[in-house]
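These notes concern the structure reproduced below.
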Amino acid sequence: GVETFDMAAKLVEPHVVELADGTRKTAKHILLAVGGRPVKPDIPGADLAITSNEIFNLQQLPKSMLIIGGGYIASEFAGIMTGLGVATTQFYRGEQILRGFDDEARNLVTDGMRARGVDLRLGTNATALRQEGNGIRVVATDGTEAVYDQVMFATGRRPNTDMLGLAALDLPLDANGAVIVDDYSQTAVPSIYAVGDVTDRVNLTPVAIQEGMAFVKTVFQGAPTKPDHDLIPTAIFTQPEFGTIGLSEAAAQAAGPINVYATTFRSMRESFGGGQEKSLLKLITDADTDKVIGCHIVAPAAGEMIQLIGVAIKMGATKADFDRTMAVHPTLSEELVTMGGPVRMG
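In terms of this note's numbering, the sequence shown opens at residue 213 and continues consecutively.
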């Protein structure tokens, strides 16, 4: 029963949307869920590069590729392209990739990426791109130059609000162009709501889905519901994989006294197969309450593990709860319930 229109649209009144063909539609409530898009830096030749949108349209694999950025999108694609046999270089202007995540975990991810063949160059950025034959010559901030078959920017995203006509409604946006909403995803215009990346709250697909479900309950079921943005389990599909929930060790230390339980080891699969890659399983607890306030895993299937651990942490599990849980042997995850005393206190 849903009527769809495959074309652009803009808001012209609080209850009226105008389609690209001039047709106008009215509604009691309007929901903005138009997402975001990748942006490129303002440097010479940036138009020669692709983004995470266009990479899926490549007709053949390049022999060499430069990925610029240090977030999860850049780091995931660096692993993907390397795994596909592409000689992959990654530039990131900062000191370490995956800024904002747990330092111990992201250091191990970095080691694993490099071991797999990613040429990860930290403290480095691109200043200019120019066509050279069938390749792209890139000038770096460290003074080096190299030619790559393909270059991809993964240097940030921006909400898709430019063409929505929001200024005419005096609907406020933040400095990045995101729609400002309250706890119930309602904008300053009472008839208009917004969910997902267009609000730039937590830019993850499952979060947008929950925000949409909360909107339905609030507007159509008479049950005002706030989307819960606390303790969101997240998986970063780098190689090695990284699962995380709650506070990093640094953030937890800033909040109060903590205990850190962590183990770094070669899994049974790595050991038997002659591999050298290490896994990390880490719990951070509030020193006063014993409640687990952070969990960070770098290991195969880390995303699967963090989804289940997320339920326990969301329910307020303590380290004692983990200790009382029987281990499943032989598994990676058994380390989470067999760790003894803290390795650090802060």
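Even glycine gets a Cβ: it sits at the ideal position worked out from N, Cα and C. None of the values given here were measured: they were computed from a predicted structure.
With fewer than 16 neighbouring CB atoms inside 10 Å of its own CB, K237 falls in the exposed class. Contact check for P445 against Q519 passes: the beta carbons are separated by less than 8 Å.
Taking every protein chain shown into account, the CB of I392 has fewer than 16 other CB atoms within 10 angstroms, so this residue is exposed.
DSSP places Y396 in the coil class of the three-state scheme, outside both helix and strand. Ranking G485, M527 and T475 by CA distance to the CA of T550 puts T475 first. Residue ranges of uninterrupted beta strand (DSSP E) with 3 or more members, entirely inside the region 308 to 369 and ordered along the chain, are 331 to 334, 338 to 344, 347 to 352, 357 to 360 and 362 to 365. Here L385 is bridged, per DSSP, to V391. Of A327, A499 and D233, the smallest CA-CA separation from A290 is found for A327. A contact between stretches requires three or more CB pairs, one per stretch, nearer than 8 Å, and the region 518 to 536 meets this requirement with the region 431 to 448. Beta-carbon to beta-carbon, G506 and G458 are separated by about 4 Å, close enough to satisfy the 8 Å threshold.
Under DSSP, no beta-bridge partner is assigned to D259.
In the displayed model, L548 falls within a helix according to three-state DSSP.
Judged by DSSP secondary structure, L520 falls within the alpha helix (DSSP H) whose first and last residues are A514 to K526. Burial of F313 is indicated by the presence of at least 16 other C-beta atoms within 10 angstroms of its C-beta. With a beta-carbon spacing of about 19 Å, G347 and V330 fall beyond the 8 Å limit used to define contacts. Distance from the CA of P439 to the CA of A426, rounded to the nearest whole angstrom, comes to 6 Å. In this structure K494 is in contact with E316, their Cβ atoms being roughly 7 Å apart against a cut-off of 8 Å. One alpha carbon belongs to V555, the other to G324, and they sit about 23 Å apart. The region 255 to 263 makes contact with the region 363 to 375, as at least three CB pairs between them are under 8 Å.
The C-alpha of V350 is placed about 11 Å away from the C-alpha of I255. Rounded to whole angstroms, A245 and A420 show a C-alpha spacing of 9 Å. Per the C-alpha coordinates, the member of P250, D498, D386 and S276 positioned closest to E266 is P250. The Cβ neighbour count for D412, taken over all protein chains shown within 10 Å, is at least 16; the residue is labelled buried. Beyond the five residues adjoining it in sequence on each side, L341 comes within less than 8 Å, by CB distance, of I255, P256, G257, A258, L260, A261, I348, R349, V350, V351 and V363 in the same chain, given in chain order. Counting along the chain, K429 sits inside the alpha helix (DSSP H) bounded by residues T417 to F432.
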